[in-house]
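First up is the structure itself, then whatever we jot down about it.
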Amino acid sequence: MIIFDCDYVAMNETTTVRLFVKDGDECRTIYDDSHSPYIYAFPKVDDAEKSIMDIVIVNKESIVKAKEIEKVERKYGKERKKALKIYLQYPFHVPEIRDEIAKYADIFEYDIIYTRRYLMDKGMPLLSPLDMETETRDGKEYLLSFSPSKGKPETLKVMSLDIETYCEHSGMPDPKKNPIIMISAADSEGSHVFTWQECPDSKVLKNEKAMIQSFFEFLDASSPQIIVTYNGDNFDLPYILKRCEILAISHRFVNDMKIKGRGNTNTAEIPGMVHIDLFPIVKKTVNISRYKLETVYKEYMGKDKKDIEGSQIWRYWDDPCLRGELACYSREDAIATYEIGEQFVPLELEMTKIVDQRPFEVSRASSSLLVEMLLMKRCQDNGEIIPNPPQSSVLAKRYGDTYEGAYVVEPIKGVHDNIFYFDFRSLYPSIIIEHNVDLSTLDCECCKDNVAPTGHCFCKKTKGFIPAILEELLMERMRIKDSMKSASGMRYRSLYSQQWALKILANSFYGYLGYPRSRWYSKESAESITAWGRQYINDVIEQAKGWGLEVVYGDTDSLFVKTEGKDLEKANEFLKTINDTLPESMELEMEGYYARGVFVTKKKYALIDENGKIITKGLEVVRRDWTGIAKKTQRVVLERILKDGDIEGAIKYVRGITKDIREGNVPIEDLVIDTQLTMSLSQYKTIGPHVQVAKALKERGEDVRVGTIVSYLVLKGTGRIRDKAIPADEYKGEQLDTEYYVKNQVIPAVARILQPLGFGEEDLDNKQVPQSNLDKWF
DNA sequence: CATTATCGGGG
DNA sequence: GTGTACGATAATG
């Protein structure tokens, strides 16, 4: 059997952990009340212990919070000190008493989420086969002991989930008013659509309530351990919850669902079921133009699916002839979500096994937090106190810390052909290990032969905490890569995910050292790593020159070089030679070949591969609150540059568009600006154009509320933009503020690409005389 | 200049 | 819930 999740209940003076286990085809809950919350206190005044007793044993209301105070010795840094380990009844007692205790003692481990605390302390492995000994008390199964099992690994059942809602107005649907009209689900067996109006290829129920209940029955029968969604944290799950409240539907899926956070930072959690929202995972893992479900399915998976614009869904539902298409779209959403899950869930589960924390948390954690989960566990295993996170004053200071980054080469601005992209990422882990970079080794008195270009030295006498862990991770990765050579099928895929997870984790240590919220923050270490990195990379650059390769751009973890024609052979030879000269643990990798690229400034570039696929970095492309003409012009400019290598053509195109705007040759819908209201009208301190227009709409009797998308146009006139803005649907052919559209929309959208290349407003605006040396073209 | 507000994903 | 976002950009004041 395996544990795939856990939570806890605090009642009857005991904190009881619930372990959700899968045992063959059966899932059940095993309880454990053998562990209590606690914090550590290092006394700093004489009567500390007595004072603490007063706080925790009997507070003002004579409520007993502490179960026991144990005297222990713990390592903190290089010291070994006496500490009080204060066991408490419930996790929420910790924030209640910690500030009081802090007056008499230095407190530690006071902010560790209880389930994390439990898993670390018990050394409880998640998702690994276990044998468990249990006993039954009060009809519940309680854990006595567990041990690793040689049994077969369990496979978790995954189901995807997606809803469609009815919403006639602009903006997003409101669960208080707009019903769910379809629920789709997909798993390894197939896909299902639930709905409540006559519709082909669907299970048709009599109303919304019956539909949701029918879906829940299906969910119970199918009983997946993992639910995957696309943005389910912020949309589908909270929406289902709200509808169930309104429709008085009771089911464990919604009764126990917890929505945490607010706005677009929600998480939606269901006890005993692992909800994995794929949207944040895809966003942090792959670089694509946008992260809409359709885009991910196309650009990452290489597959097409039907798309219906959100604002049109209600029309498809109202029209019996179109309803089947809507069901098809909904089904495809669920299938796409499931298939994207097939790509990413295995990675998350491997990461779960490495850090031994809940998959729900692991799947939502940044890479820095994953590193921290691992370090906390290892720290504890070493018998050391876990360092506290920075307090807000320290944090503010750290956010202000700047250190010389890792820029290696400023980009050679402009368009370049035949670009090979080399990746240095594995260099940083190697530097950390090689130079023993760690807080515990920083600036010793003895090792003056291991000095970074920053002047900081790192002691080589004993292996540092972080280098030791990193070395283990990299060795494990090598072992797995080795096993992959003789593996195939499922086994190969599993190994692949394992080594991928290890790679992500290993590559995150450098970032973690410079991450302001880090418990093991070390600016000196981080800047020493980049400084050493620059040495190695500069050396590579020098060698590249010797090969006749031009380095177009280099940043923290990447290097772009240009060849004559597509000289793959030369690039590979170069790579091999470099890797022969680098220390064994360091490796330069070739990540890709691009037919053409445009480099604008550091961190801003765009590349096109041989299939015409464009990749951009730092050149944010499309935003809803840009006009259509600005988006379109930017897209065409990028295409002209990358597909045709034609900057002059791109500039001519922009000048043409500015002319079209002035002459009224741009369709009005391309000039409409859509902006969403995020507050009620009275709350605005500064009145932007969309707020002004929203007020006018309200005067007119329109339903204006939070979430409404206001569409407006800017008319000719003087003064602030808001004074010239009118609702788009009131436009009757008046003169538009063409200067606004040229100067505030189109030119800024392309200037972020063209300005750094030396083309200013005067080159891009047809009313002005080109100033650049390209004026001969006009 | 500083401050305030919006974008993303989802329908 | 022993915790919570962020980085970039545009308009107003």
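The first sequence runs 136 to 913 under my numbering. Positions of the beta carbon are idealized from the N, C-alpha and C atoms, including for glycine. Quick caveat, the model's predicted, so the values are computed rather than measured.
Below 7 Å between beta carbons: does that hold for residue i and residue j?
i    : j    : result
T768 : V881 : yes
D558 : E704 : no
Y650 : S498 : no
C594 : K583 : no
S357 : R466 : no
S295 : T576 : no
A321 : I204 : no
I822 : R857 : yes
K548 : P891 : yes
D552 : R731 : yes
P546 : L605 : no
L742 : Y729 : yes
A636 : E429 : no
D573 : K658 : no
L609 : A622 : no
L850 : D872 : yes
D160 : D297 : no
Grab the span of the alpha helix (DSSP H) containing residue i for me, first residue to last.
i    : result
F559 : No alpha helix (DSSP H) holds F559; DSSP gives it neither H nor E.
R251 : Y249 to K257
I448 : I448 to D453
V389 : R387 to N390
V229 : H228 to I236
D864 : Taken as a continuous stretch (DSSP letters only), D864 belongs to no alpha helix (DSSP H), as it is neither H nor E.
Taking the C-alpha atoms as reference points, what is the distance between residue i and residue j?
i    : j    : result
E276 : V756 : 55 Å
D158 : G258 : 20 Å
Y914 : D168 : The chain is shown from 136 up to 913; residue 914 falls before or after that span and cannot be answered.
M317 : Q492 : 34 Å
N901 : V877 : 10 Å
T151 : T164 : 12 Å
Y365 : M307 : 16 Å
V293 : L340 : 25 Å
E148 : I315 : 42 Å
Y538 : Y740 : 23 Å
A403 : L806 : 38 Å
V506 : C514 : 12 Å
E496 : E343 : 32 Å
E708 : G780 : 28 Å
K440 : L461 : 12 Å
F644 : A661 : 9 Å
E607 : K620 : 21 Å
T487 : I615 : 17 Å
G212 : R669 : 31 Å
S693 : P264 : 40 Å
Y875 : I786 : 19 Å
G599 : R759 : 49 Å
What would DSSP say about residue i, mapped onto helix, strand or coil?
i    : result
V881 : helix
I204 : strand
P905 : coil
C463 : helix
S424 : coil
D142 : strand
G727 : strand
V543 : coil
I375 : helix
I318 : strand
R215 : strand
Specify, as a first and last residue, the run of the beta strand (DSSP E) that residue i falls within.
i    : result
V293 : V293 to T300
L278 : K275 to P283
E722 : Where E722 is concerned, there is no enclosing beta strand (DSSP E), given that its DSSP letter is neither H nor E.
R272 : L265 to R272
I936 : In the structure as shown, the chain begins at 136 and stops at 913. Residue 936 is therefore absent and cannot be evaluated.
E404 : T402 to E404
I384 : It is not in any beta strand (DSSP E) - I384 carries neither H nor E in the DSSP assignment.
Complete alpha helix (DSSP H) runs within the region 772-856 (minimum length 4 residues, chain order): 782-797 and 824-834
Runs of 4 residues minimum, wholly inside the region 586-642: which ones carry the alpha helix (DSSP H) assignment? 600-619 and 624-641
Which whole runs of the alpha helix (DSSP H) in the region 484-541 are 4 residues long or more, in chain order? 494-499, 502-516 and 527-535
Could you tell me which whole beta strand (DSSP E) segments of length 3 or greater appear in the region 146-199? 149-158, 161-167 and 173-178
Could you pull out every unbroken alpha helix (DSSP H) segment of at least 4 residues lying fully inside the region 324-372, listed in chain order? 343-357
Give the list of continuous beta strand (DSSP E) stretches no shorter than 3 residues that lie fully inside the region 641-708. 685-690 and 693-697
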